[in-house]
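Remarks on the structure that follows.
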Amino acid sequence: MSESLTSPHPADDLTEVPAHAPQAPPAAYTPAPAPTTTDYHHVLYREGIRRWRGFVAIAALLVAYLGINLGLSFAAIMADVALGNTTMAAVQAGSTQVTPLVLLSVNLTAVALIPLSILLQRWLFGVRAGFMSSIRGLFRWRVLGKAAVIVVPLWLVYVGISLIVGAPGQPTSYVLNVSLPLLLVVLLTTWAQSAGEEYGFRGLITRSVGSWFANTRTAFIVATVVANLLFMVAHLASDPWLIAYYFVFGVSLSVVTWRTGGLESSVLVHAANNVLLFIPVALFMGGELNMDRSAGVGGPFMLLPMGMMVLVAVLLSWLARRKQLAAVGSDL
Numbered sequence: 048m049s050e051s052l053t054s055p056h057p058a059d060d061l062t063e064v065p066a067h068a069p070q071a072p073p074a075a076y077t078p079a080p081a082p083t084t085t086d087y088h089h090v091l092y093r094e095g096i097r098r099w100r101g102f103v104a105i106a107a108l109l110v111a112y113l114g115i116n117l118g119l120s121f122a123a124i125m126a127d128v129a130l131g132n133t134t135m136a137a138v139q140a141g142s143t144q145v146t147p148l149v150l151l152s153v154n155l156t157a158v159a160l161i162p163l164s165i166l167l168q169r170w171l172f173g174v175r176a177g178f179m180s181s182i183r184g185l186f187r188w189r190v191l192g193k194a195a196v197i198v199v200p201l202w203l204v205y206v207g208i209s210l211i212v213g214a215p216g217q218p219t220s221y222v223l224n225v226s227l228p229l230l231l232v233v234l235l236t237t238w239a240q241s242a243g244e245e246y247g248f249r250g251l252i253t254r255s256v257g258s259w260f261a262n263t264r265t266a267f268i269v270a271t272v273v274a275n276l277l278f279m280v281a282h283l284a285s286d287p288w289l290i291a292y293y294f295v296f297g298v299s300l301s302v303v304t305w306r307t308g309g310l311e312s313s314v315l316v317h318a319a320n321n322v323l324l325f326i327p328v329a330l331f332m333g334g335e336l337n338m339d340r341s342a343g344v345g346g347p348f349m350l351l352p353m354g355m356m357v358l359v360a361v362l363l364s365w366l367a368r369r370k371q372l373a374a375v376g377s378d379l
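Right under this line is the structure:
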């Protein structure tokens, strides 16, 4: 499937002609290369494009994200106060717990990144919705299925090892202590939260930065760094190990997106990671979700999840090349 990409404001990008020159009919906007022949991060680039489009796309996405986050978080906290799950004193002291309602608000905020990314891409770059998912113009379920053969077993083993080894201060033996509300929130919305972050950070933000550079290699490097620095900051970690982890996590998924030509595999990895790590919390820890990211929480044990992300990026890149999942414009 392919379609031409047209500018919503073609006059912005036309070269001015002298006033005395013959007035010819307006020239059509030169379309970008067909998405099926370029790298995912470079789809929005075209000769003569104005850089302000990328800046506006990123700023609008982040402002909307913050606004939705504040609104939903406030509603969740007030609901918890009304239900007796917390108190106003605790809220004012900044010691609110991550209840099922709070987690739901966080997840729904991330889910909102999907329509926001698609609408901003359409409005500012004239690219239709399907091309946000992949360079083929649709969400490729077969690609996701092929990636799942590698990712799901690998993550089950990884989560099992994590539970057995445990981080310092975490239990290594478990007895059922189920929090059904948290389990439902995790199963019903955490996978969509993961998809939202991929569409926002590895999708629109990466592509917006990529639209600034003619060279696809330069576009990938700069876009990957910028998008994943923002992804890292968005997680509000102050521990050096956690900061490094979030950056490695994001860069690995940027590589996966580039090599596979779409977001399907990165969505799968992100969802497998978040869902499979949160399920034990709901089953064995009574819903006591630890979201502490302050200095001292991390440590050398974070090398395990970082190594996992690098490994899965290598494996999925190999799978993409072997199965020819994407038409890649150039190699690094």
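Going by the numbering used here, the sequence shown opens with residue 48, and the numbers climb by one from there.
Beta carbons are placed, not taken as given, at the ideal position from N, Cα and C, and that holds for glycine.
No experiment lies behind these values; they were computed from the predicted model shown.
| Expected contact under 8 angstroms - CB spacing of Leu191 and Leu315 to nearest Å | Confirmed, Cβ separation roughly 5 angstroms.
| field | Nearest-angstrom Cα separation, counted from Asn154 out to Val222 | value | So the alpha carbons of these two residues sit roughly 27 angstroms apart.
| If we count the other Cβ atoms within 10 Å of its Cβ and call it buried at 16 or more, is Thr237 buried or exposed? | Thr237 comes out buried.
| message | Checking 8 angstroms against the spacing of the C-beta atoms, do Ser241 and His317 come in under that value? | response | In this structure, His317 lies closer than 8 angstroms to Ser241 by Cβ.
| query | Quick one, are the C-beta atoms of Phe278 and Gly309 less than 8 angstroms apart? | reply | No, the Cβ-Cβ distance between Phe278 and Gly309 is not below 8 angstroms.
| With respect to the alpha helix (DSSP H) encompassing Thr253, which residues constitute its N-terminal and C-terminal limits? | For Thr253, the enclosing alpha helix (DSSP H) starts and ends at 253-257.
| Residue from Gly184, Ala111, Val199, Ala122 with nearest C-alpha to Val320 | In the sequence on display, residue 320 carries Asn and not Val. Closest option to Asn320, judged by alpha-carbon separation, among Gly184, Ala111, Val199, Ala122: Val199.
| query | Hey, Ala159 and Leu230: beta-carbon distance below 8 angstroms or not? | reply | No; because the gap between Cβ atoms is not below 8 angstroms, this pair is not in contact.
| task | Mind the definition here: the segment 273-289 touches the segment 340-352 only if three or more C-beta pairs lie below 8 angstroms; say whether that holds. | result | Yes, they touch.
| Coarse secondary structure for Glu118, derived from DSSP in three states | The amino acid occupying residue 118 in the given sequence is Gly; Glu does not appear at that position. The answer is helix: DSSP assigns Gly118 an H, G or I state.
| said: Considering only DSSP beta bridges, list what Gly309 is partnered with. | reply: Answer is Ser181.
| task | Give me the Cα-Cα distance between Ala239 and Phe260, rounded to the nearest whole angstrom. | result | Whole-angstrom Cα-Cα distance: 31 angstroms.
| Anyone know if the C-beta pair for Thr146 and Tyr112 falls short of 8 angstroms? | The Cβ atoms of Thr146 and Tyr112 do not sit closer than 8 angstroms to each other.
| request: Excluding the 5 residues preceding and the 5 following Leu363 in the sequence, name in chain order all residues of the same chain whose CB lies nearer than 8 angstroms to its CB. | output: The beta carbon of Leu363 is closer than 8 angstroms to those of Ala194, Ile197, Val198, Val303, Arg306, Thr307, Ser312, Val316 in its chain, skipping five residues each way along the sequence.
| Beta-carbon gap between Gly250 and Ser181 smaller than 8 angstroms | No, Cβ-Cβ distance for Gly250 and Ser181 is not below 8 angstroms.
| task | Given a cut-off of 8 angstroms, decide if Phe178 and Val90 are closer than it, judged by their beta-carbon atoms. | result | Yes.
| query | Roughly how many whole angstroms lie between the Cα atoms of Ile105 and Ser152? | reply | Cα to Cα, Ile105 sits roughly 22 angstroms from Ser152.
| task | Following the continuous alpha helix (DSSP H) through Val190, name the residue where it begins and the one where it ends. | result | Unbroken alpha helix (DSSP H) run through Val190: 188-212.
| said: Need the endpoints of the alpha helix (DSSP H) that Gln144 sits in, please. | reply: From DSSP, Gln144 is part of no alpha helix (DSSP H); its letter is neither H nor E.
| query | Should Gln139 be labelled buried (16 or more other beta-carbon atoms within 10 Å of its own) or exposed? | reply | Looking at its Cβ environment, which holds fewer than 16 other Cβ atoms inside 10 Å, Gln139 is exposed.
| field | alpha helix (DSSP H) segment containing Gln168, residue limits | value | Counting along the chain, the unbroken alpha helix (DSSP H) around Gln168 starts and ends at 160-172.
| query | Cα-Cα, which of Leu148, Ile268, Ala274, Leu234 is closest to Phe248? | reply | Comparing Cα positions, the closest option is Ala274.
| said: Closest to Ile326 by C-alpha separation, out of Val269, Trp202, Arg368, Leu351, would be which residue? | reply: With distances taken between CA atoms, Ile326 lies nearest to Trp202 out of Val269, Trp202, Arg368, Leu351.
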